[in-house]
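**Student:** With my numbering as the guide, the letters of the sequence shown map in order to residues 391 to 650. Think of the CB as a built atom: it goes at the ideal place given N, C-alpha and C, for glycine as much as any other residue. Nothing here was measured: the structure is a model prediction, and the numbers come from that model.
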Amino acid sequence: MQTGLWFRPAQNRMTLQSSGNKCRPIQELLIVAAEAPQRPPCLQPQWAAPQRPSQLRSPSQNMNPNGSQDPEKSMNCWKDLQIQDLKPSPGPGKLLQVHEELLQTSEELLQVREELLRTSEELLQVREELLRTSEELLQVREELLRTSEELLQVREELLRTSEELLWDHKELLQTSEELLQVREELLRTSEELLQVREELLRTSEELLQVREELLRTSEELLWDHKELLQTSEELLWDHEELLQTSEELLWVCINPESLF
Numbered sequence: 391m392q393t394g395l396w397f398r399p400a401q402n403r404m405t406l407q408s409s410g411n412k413c414r415p416i417q418e419l420l421i422v423a424a425e426a427p428q429r430p431p432c433l434q435p436q437w438a439a440p441q442r443p444s445q446l447r448s449p450s451q452n453m454n455p456n457g458s459q460d461p462e463k464s465m466n467c468w469k470d471l472q473i474q475d476l477k478p479s480p481g482p483g484k485l486l487q488v489h490e491e492l493l494q495t496s497e498e499l500l501q502v503r504e505e506l507l508r509t510s511e512e513l514l515q516v517r518e519e520l521l522r523t524s525e526e527l528l529q530v531r532e533e534l535l536r537t538s539e540e541l542l543q544v545r546e547e548l549l550r551t552s553e554e555l556l557w558d559h560k561e562l563l564q565t566s567e568e569l570l571q572v573r574e575e576l577l578r579t580s581e582e583l584l585q586v587r588e589e590l591l592r593t594s595e596e597l598l599q600v601r602e603e604l605l606r607t608s609e610e611l612l613w614d615h616k617e618l619l620q621t622s623e624e625l626l627w628d629h630e631e632l633l634q635t636s637e638e639l640l641w642v643c644i645n646p647e648s649l650f
């Protein structure tokens with residue numbers, strides 16, 4: 391009796407692949423080949439069995455009464471087969487080649503999977519670094535905001551100080567004007583006193599001394615006035631520089647990307 395490996399068409403035509411999309415080992419294929427049902431005598435070795443082997447004629451139905459094979463009955467056996475489902479069965483060498491190709495493909499897929507895992511780990515590391523960098527940038531932004539608030543407070547204090555200095559300067563100017571008016575009045579008084587020179591010579595001498603002292607005082611006040619003017623100009627320059635610095639800091643706070 392002739393035995394061999396035959397395949398059911400349509401359902402499990404390729405027995406190399408089983409459920410779960412995993413390759414069956416070659417030992418299991420050899421066991422399946424050894425335990426396969428008998429091949430009908432009407433079939434050649436290169437052909438597979440029909441989809442339902444129960445529909446095949448028995449060997450005795452294809453024999454003559456004298457024991458010889460009847461060609462017509464063998465041809466009837468061919469007619470009973472579903473020829474459209476028959477296909478050449480691959481040999482053991484083809485199965486080994488397919489098995490090796492599938493193993494090679496699975497190894498390549500495993501390598502691709504490992505590379506994808508490494509790439510995902512690297513991407514996770516990059517993501518963690520980006521998160522840390524974003525946290526650091528947020529901290530720097532908070533520090534810049536705090537610094538800008540402190541600078542705004544300093545600017546407000548400087549503005550208040552500059553306003554106070556301006557008021558002092560105005561008061562000093564007003565005082566100097568009053569002193570000039572007093573000086574003019576004293577000059578007029580001195581003229582009047584000169585007219586009464588004969589009577590008030592002693593008083594005139596004292597008034598002259600007073601006048602000299604007032605002149606010195608006025609000169610000192612003028613010098614003080616010049617120094618105050620120079621100081622006010624320097625303060626104005628400092629105020630403009632502070633305004634420019636505050637504008638730059640505000641621009642940096644609004645656009646922190648300009649720092650990089």
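Check whether the stretch 550 to 561 and the stretch 637 to 648 are in contact - that is, three or more C-beta pairs closer than 8 angstroms.
**Tutor:** no
**Student:** Just verifying my parser: in three-state terms, what is the DSSP assignment at E518?
**Tutor:** In the sequence shown, the residue the question calls residue 518 occupies position 128. Under the three-state reduction of DSSP, E518 is assigned to helix.
**Student:** Taking the alpha-carbon positions, what's the R522 to N645 distance?
**Tutor:** Here residue 522 refers to the residue found at position 132 of the sequence shown. Here residue 645 refers to the residue found at position 255 of the sequence shown. Taking the straight line from one Cα to the other gives about 21 angstroms.
**Student:** With a CB to CB cut of under 7 angstroms and the five nearest residues on each side skipped, what residues in its chain are close to S538?
**Tutor:** Working through the sequence shown from its first residue, we reach residue 538 at position 148. Counting only Cβ-Cβ distances below 7 angstroms, and skipping sequence neighbours, we find L639, L640 and C643.
**Student:** Is it the case that the stretch 595 to 611 contacts the stretch 565 to 582, given that we only count it when at least three CB pairs across the two stretches are under 8 angstroms?
**Tutor:** yes
**Student:** In or out: L485 buried (at least 16 other Cβ within 10 Å) or exposed?
**Tutor:** Looking up residue 485 in the sequence shown gives position 95. Buried.
**Student:** Taking 8 angstroms as the threshold, find out whether the stretch 565 to 573 comes into contact with the stretch 608 to 624 through three or more Cβ pairs.
**Tutor:** Short answer: they touch.
**Student:** Shorter than 8 angstroms from the beta carbon of T607 to some beta carbon of chain B?
**Tutor:** Although the question refers to chain B, the structure presented lacks it and comprises just one protein chain.
**Student:** Using only the alpha-carbon positions, how far apart do L598 and E630 sit?
**Tutor:** For the purposes of this step, residue 598 is taken as residue 208 along the sequence shown, with counting starting at 1. For the purposes of this step, residue 630 is taken as residue 240 along the sequence shown, with counting starting at 1. So the two alpha carbons sit approximately 47 angstroms from each other.
**Student:** Which whole-angstrom value describes the C-beta separation of L632 and L548, a residue pair presumed to lie in contact below a C-beta threshold of 8 angstroms?
**Tutor:** Counting from one through the sequence shown, the residue named residue 632 turns up at place 242. Counting from one through the sequence shown, the residue named residue 548 turns up at place 158. Going by Cβ atoms, the distance from L632 to L548 rounds to 6 angstroms, so yes, they are a contact pair.
**Student:** Give the DSSP-derived three-state secondary structure of E637 in the structure shown.
**Tutor:** Residue 637 sits at position 247 when you count from the first residue of the sequence shown. Judged by DSSP in its simplified three-state form, E637 adopts helix.
**Student:** So, helix, strand or coil for V586, using DSSP?
**Tutor:** Locating residue 586 in the sequence shown gives position 196, where the first residue counts as 1. Residue state, collapsed to three classes: coil.
**Student:** Does the beta-carbon distance from R545 to S622 come in below 8 angstroms?
**Tutor:** Along the sequence shown, read from residue 1 onward, the residue named residue 545 stands at position 155. Along the sequence shown, read from residue 1 onward, the residue named residue 622 stands at position 232. Going by C-beta atoms, R545 is not nearer than 8 angstroms to S622.
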